[in-house]
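Everything on this sheet refers to the single structure shown next.
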Amino acid sequence: MPNLIIIGAQKSASTFMQNAVAEHPDVFIPKGEEAYFEDPDYDQKSASYLSGRFDGRNEKILGIKRPNYIGKPEVPARIVRDLPDAKIIAVLRNPVDRAIAAYFHQIRYGTMPLLPLDEGMSKLVENDGVIPGYARSKEILEFGLYYKYLSQYEHFSSSGRQLVFLHEDISKEPEECIRKSYEFLGVDVSYSPQNLQGRPMAAVYNPLRLKVLAARNPLMFTYNDDRTRLHSRKMNYLEYGLAGALTVADRYVLSRFLRNNKPQLDPTIRKKMVNYFLEDIRKLEKLIDRDLSAWMG
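full-length UniProt numbering applies: residue 1 is where the sequence shown begins, and numbers increase by one.
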């Protein structure tokens, strides 16, 4: 069974952390994410499902990553029950900036309607964080309430088995963050990973490109009624060709000729978003003993 969980947050360099930590010869983390602890069918699954991912592995540290584990209230208790001796690594990002990144990610995958940034964020703040008809839109703001969810991992923090980084830490001193991670995990800190230049897939902000990419979704995925669950679907030859054509059109044509500048959030709306997160940020400062004043401006 795993003894390390990288819990996020979303869009906060957790994939960078996963890849850099996994490079260590005494660490094994499967590629991608592991949704076991948030699976709606969790109670019907056996823990052998999770342990099976590590069959034949003998590394000192066996890990999984899932950013959504900050944001799902049912997850911490499940982890405590199944993996009480695990270690937790979390990477946190300014919640307003994280929300903007998540907003465009959801548009791309069809769980948020294609709305201009200012309009979409205004609707979220004014409607208790939800766009009607798009239940997962609630995650855009909710997953930035870090204190609300990180405080539920007290079982691990109180025993010194939780390590928290800020996105800013990794941006400024990636090597030092990785060294601290190795030290925390009890593996050789002299190892130098080669993956420090890796970065996640570039975000798409251009409205036309988002429309083209979103047009693939009905071909590639199926959704449940409230669009909270997404599954890959088997495509026929025509659908496969059409989805591929849309991908090629974006990657080799639109991306070269259309600007992809990140939209700037209206200062008034940004202030409303800061106020939405403000109480949680102040509590988080005390929880992790870090100055987060830069997030409050």
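Built from N, CA and C at the ideal position, the CB exists for glycine as well. Bear in mind the structure is a predicted one, so any value in this text is a computation, not a measurement.
Per DSSP, F16 lies in no beta strand (DSSP E) segment; the continuous alpha helix (DSSP H) that holds it begins and ends at 14–22. In the displayed model, F104 falls within a helix according to three-state DSSP.
DSSP assignment within the segment 192–252 yields the following whole alpha helix (DSSP H) runs of 4 residues or more, N-terminal first: 207–214, 217–220, 237–249. A90 sits close to V164, with the two beta carbons spaced by under 9 Å. A distance below 9 Å separates the beta carbons of S157 and I88. With contacts defined as CB atoms closer than 9 Å, L92 and S181 fail to qualify as a contacting pair.
Exclusion of the five residues before and after M220 leaves A243 as the residues of its chain whose Cβ lies within less than 6 Å of its Cβ. Leaving aside the five residues that flank V21 on each side, the residues in its chain whose CB is nearer than 6 Å to its CB run, in chain order, V27, S181.
Going by beta carbons, F184 and G71 fall outside the 9 Å limit. Around I107, the same chain offers L114, L210, A214 as residues with beta carbons nearer than 7 Å, after the five sequence neighbours per side are excluded. K60: not part of any beta strand (DSSP E); DSSP gives it neither H nor E. V75 sits in a helix when the DSSP states are folded into three classes.
Residue F37 holds the alpha-carbon nearest to the alpha-carbon of A77 among R66, F37, L62, D128. Beta-bridge partners assigned by DSSP to Y134: I131. Around the C-beta of F16, 16 or more other C-beta atoms lie within 10 Å, and the residue is accordingly described as buried.
DSSP, read as helix, strand or coil, puts A9 in coil. DSSP, reduced to helix, strand and coil, places V164 within a strand of the structure shown. Contact annotation, V130 with R270: C-beta distance approximately 20 Å; criterion of less than 8 Å not satisfied. For I89, no alpha helix (DSSP H) segment is defined; the enclosing uninterrupted segment is the beta strand (DSSP E) at 87–92. Taking a cut-off of 8 Å for Cβ pairs, the segment 117–129 and the segment 253–265 touch, as three or more such pairs fall below it. Contact between P30 and I64 holds, since their C-beta atoms are separated by about 7 Å, short of 8 Å. The three-state reading of DSSP puts L278 in helix, counting H, G and I together. Taking a 10 Å sphere around the C-beta of R216, we find 16 or more other C-beta atoms and assign the residue as buried. For S51, the CB contacts under 7 Å within the same chain, skipping 5 residues up- and downstream, are M1 in chain order.
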